[in-house]
Amino acid sequence: MIDLDHAYWEQRYLQDLTGWDIGGPSTPLKEYIDQLTDKDLRILIPGGGRAWEAEYAHRQGFRNVFVIDLTELPFKDLLERCPEFPQEHLIIGDFFAHAGSYDRIIEQTFFCALDPALRPKYVDHMHTLLSPGGKVVGVLFNDTLNSDKPPFGGSRSEYLPLFTRHFQHLSLEPCYNSISPRAGRELWLSAAKEGYYVPVDCSLYDHFEAAATLKEHVRLELTDGKVQEGIIVDLFQREGAEWLRLSDGTEHRLDRIQALRRP
Ligand SMILES: C[S@@+](CC[C@H](N)C(=O)[O-])C[C@H]1O[C@@H](n2cnc3c(N)ncnc32)[C@H](O)[C@@H]1O
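Under this note's numbering, the sequence shown has 11 at position 5, and the numbering climbs by one with no breaks.
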């Protein structure tokens, strides 16, 4: 495997070997940006290259659009096109070393540019960079592509387990508005980080407490459609949320329980 480091990507730009660059915002990302109403959202575009989508979002009035790329060369192009783009929002560096907190992270041809061995780390780091309730959205190739150099391909069934490790609210479906050269070969990704905890209704909490005190056998109907049965052995708080532990050792956040029944 070739080293996909700063020198590699810099050479690609110096030699203008940038076949991924479509010369404008792609339709899926443009239409996604168009339906966002909060212009204060903190948006990160990693491996953003010439950053057509960042320019588009900036021109639409989004004030907190950031781009990170290993090399500064594509940023020069962006600044020539859009001199008013805030330079302090252009970060030259490694995505994996970047720290921050974002409401949206936008993916396009960054995932496929990375060594596939880094994919679990990519998902970990995306999750770390998101604020509670934040989302990573964008397009992933649903195509074999290359195995020895970018773009590296993959399929929905390969990507799903990577993302479900961290993201419970996940959608990865065929993209309906791809640009024509990519039509039928892209998936639309939307993966949301857990939001802030909303305490459960007092009367529901009273039911949990009563069942725990009486050591009753209960049946929990969870928001993901699963059902869990047992005796509540503990009610506790962790990371700002309320939880219970059942006699089989499983732990459940109270806001993910939609009903408690006594069978
Ligand atoms: C295939 S290009 C895609 C550029 C852009 N997303 C687009 O669609 O035009 C991949 C980009 O990722 C950048 N890149 C690669 N590895 C990176 C890393 N670890 N951190 C930040 N940027 C990286 C490269 O410099 C390059 O600009």
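Beta carbons are placed, not taken as given, at the ideal position from N, Cα and C, and that holds for glycine. As the structure is a computational prediction, the values presented were derived from the model and not from experiment.
For residue j and residue i, the rounded distance between their alpha carbons
i	j	result
Leu-220	Gly-231	26 Å
Pro-31	Arg-188	14 Å
Asp-212	Gln-243	15 Å
Cys-208	Gly-201	20 Å
Thr-229	Gln-264	6 Å
Glu-257	Tyr-203	16 Å
Asp-9	Ala-119	12 Å
Phe-214	Leu-266	8 Å
Asp-154	Phe-116	16 Å
His-223	Ala-217	8 Å
Pro-34	Gln-93	26 Å
Glu-86	His-12	22 Å
Asp-46	Cys-181	27 Å
Ala-57	Arg-171	29 Å
Thr-24	Gln-114	14 Å
Glu-179	Leu-193	5 Å
For residue i, the three-state DSSP class (helix, strand or coil)
i	result
Arg-48	strand
Tyr-62	helix
Ile-39	helix
Glu-179	strand
Thr-33	helix
Phe-102	helix
Arg-315	The displayed coordinates of the chain run from 7 to 269. Any statement about residue 315 would go beyond what the structure contains.
Leu-260	helix
Ala-197	strand
Pro-122	helix
Phe-68	coil
Distance CB(residue i)-CB(residue j) smaller than 9 Å
i	j	result
Arg-110	Gly-67	no
Pro-122	Phe-158	yes
Asn-70	His-104	no
Ile-98	Ile-49	no
Arg-225	Glu-235	yes
Phe-169	Val-129	yes
Val-142	Met-132	yes
Ser-253	Val-233	no
Glu-61	Leu-84	yes
Phe-54	Pro-89	A small fix is needed here, since residue 54 is Gly in this sequence, not Phe. Their beta carbons are not under 9 Å apart, which means Gly-54 does not touch Pro-89 by this criterion.
Tyr-108	Phe-72	yes
beta-carbon residue i near ligand 1 non-hydrogen atom, thresh 8 Å
i	result
Trp-26	yes
Arg-87	no
Arg-18	yes
Cys-208	no
Cys-118	yes
Ile-74	yes
Ile-237	no
Trp-249	no
Leu-50	no
Leu-10	yes
Pro-156	yes
Gln-114	yes
Asp-100	yes
Trp-15	yes
Ala-57	yes
Gly-53	yes
Limits of the alpha helix (DSSP H) - the one that residue i falls within
i	result
Pro-80	79-87
Thr-219	208-219
His-133	125-135
Ser-163	162-170
His-12	12-20
Terminal residues of the beta strand (DSSP E) in which residue i lies
i	result
Ile-111	108-114
Gln-174	Segment: none, Gln-174 is in no beta strand (DSSP E) and carries neither H nor E.
Phe-242	233-244
Ile-263	263-267
His-95	Careful: His-95 lies outside any beta strand (DSSP E) and carries neither H nor E.
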